[in-house]
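This report concerns only the one structure given below.
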Amino acid sequence: MATNLLNFDSRGLAEFCTEIGEKPFRAKQLLRWMHQSGAADFDVMSDLARSLREKLSSLAVIELPQITLDHVAADGTRKWLLSVGAGNGIETVFIPEANRGTLCISSQVGCALACAFCSTGKQGFNRNLTVAEIIGQLWIANKTLSEQPSDSYISSNKAVTNVVMMGMGEPLANFDNVVTALNLMLDDHAYGLSRRRVTVSTSGLVPAIDRLREQCPVALAVSLHAPNDALRDHLVPINKKYPIKELLAACQRYLPAAPRDFITFEYVMLDGVNDSIAHARELVKLVQDVPCKFNLIPFNSFSDSGFKRSSAEAVRNFRDVLMQAGLVTTIRKTRGDDIAAACGQLAGQVKDKTRRTVRSKTEAAQ
Ligand code: SAH
Ligand code: SF4
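Start counting the sequence shown at 73; every next residue gets the next number (my numbering).
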């Protein structure tokens, strides 16, 4: 089978070049063609000898996920549904703002971690995405946006200035592929993004947070969602394996290597579940030793979620408690919810292999 060159970062590509009897520096040329010029065809690589182009065509491919849907929301948010074979689909979302363009990237088809309030989690899990499928989302967004810019953002060389791994899936559960894709995002011969502008969001896989610190310390966002283990066990079941104390210790270890001097804690606001003033006070105490910022996410509903969004007043009151304690707190603007592109609404198409969907349908019927 032909090798998909989008699966390689600079090191992998240099190894591939050596294997096929070429000089490793060809890797840089290939990276620039693929990731900076958006080439998906060896024929356009005009500074490579024809013989090399022919050799590459016979041994390798540049293969991207297929775009099956491309929606633009009223606020300019754009969502792509990408097919990754065997009936599986993932979603990628571009969020244009005045001074930046953020791409929200998926890392898995579905997610095995089954957080109670998450649409992706409810769909079960099929498989990890390959490096080509992860970096392909950035490739496709840059290419499409440069060819057809939406009205609400000013076309520039690079449409995507920031990447957040906050789409479908738990990025740290697909560690090796995610790190290789991160290497490409940061590589000056590929996307050249700074570490501060690339964020990995995790539900709290403690050993993988440590490995990320060692291998590729980009900005870190941690999905906290509760101020104590009893509640977090229920909302984010991986907490039973890696409880809050261990998670916060991993955050402390991460900080010296992090590109920013704080960790971002995400906190989904669920009406009557985790949004009281008492919860806010408990949270203040909990994180007192961790330099951090809070991002409160109003819950985005989906069918059969069983949760309601906190009122705007409850969210503001919660924020005020955190702010008064000196914690910088933002409330995430809900973007693209008219096209189901908001946090936690990404559904894609998941051929579940965990039987979770069967189980939850059976439970619902009882
Ligand atoms: N698996 C990773 C990243 C993907 S989810 C993680 O859990 O961090 C990105 C963010 O959206 C997480 O903070 C997640 O908890 C939040 N989220 C999930 N479902 C949501 C929903 N229905 N409404 C609002 N935010 C949600
Ligand atoms: Fe997975 Fe994140 Fe959704 Fe939890 S919130 S189920 S970890 S995608």
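All C-beta atoms in this analysis are idealised placements derived from N, C-alpha and C, irrespective of residue type, glycine included.
Residue i and residue j closer than 7 Å at C-beta
i	j	result
Ala231	His107	no
Thr271	Ala245	no
Phe390	Asp347	yes
Ala413	Thr149	yes
Ala293	Phe247	no
Ala329	Pro363	no
Gly408	Met240	no
Asn76	Glu135	yes
Ile403	Val387	yes
His143	Ile411	yes
Leu337	Phe366	The amino acid occupying residue 337 in the given sequence is Phe; Leu does not appear at that position. Yes, they are a contact pair.
Val340	His297	yes
Arg283	Tyr326	no
Leu319	Gly276	yes
Bridge partner(s) assigned by DSSP for residue i
i	result
Cys364	Ile335
Ile139	Leu154
Glu205	Answer by DSSP bridge pairing: none, since Glu205 is not bridged.
Met237	Val272
Pro370	Met341
Ala132	Thr75
Residue i versus residue j - alpha carbon distance
i	j	result
Met238	Glu354	26 Å
Leu124	Asp81	20 Å
Leu399	Asp113	50 Å
Pro315	Leu185	14 Å
Val203	Gly161	15 Å
Ile369	Met117	44 Å
Pro331	Lys425	37 Å
Lys405	Pro96	45 Å
Val422	Gly159	8 Å
Val235	Lys312	29 Å
Phe88	Asn79	11 Å
Asn70	Ala111	A query on residue 70 cannot be resolved here, the shown segment of the chain reaching from 73 to 438 and no further.
Pro243	Gly182	11 Å
Closer than 7 Å to chain C by CB, residue i
i	result
Gly84	Absent here is chain C; the protein component of the structure consists of one chain.
Close Cβ partners of residue i (< 7 Å) along its chain, the five nearest in sequence each way excluded
i	result
Ala74	Leu131, Ala132, Val133
Arg104	His261
Leu128	Phe114
Beta-carbon contacts of residue i that lie in its chain and below 6 Å, excluding the five residues immediately before and after
i	result
Thr252	Asp81, Val203
Gln209	Thr164, Ile177
Cutoff 8 Å; reference residue i; Cβ partners in own chain excluding five residues on either side
i	result
Gln324	Asp361, Val362
TODO: Would you check if there are 3 or more beta carbon pairs closer than 8 Å linking the region 131 to 139 to the region 170 to 179?
DONE: Proximity of the region 131 to 139 to the region 170 to 179 falls short of the contact definition, fewer than three beta-carbon pairs being nearer than 8 Å.
Open item on the list: With a threshold of 8 Å, are at least 3 pairs of Cβ atoms found where one atom belongs to the region 152 to 164 and the other to the region 374 to 386?
Closed with: They do not touch, by the three-pair rule.
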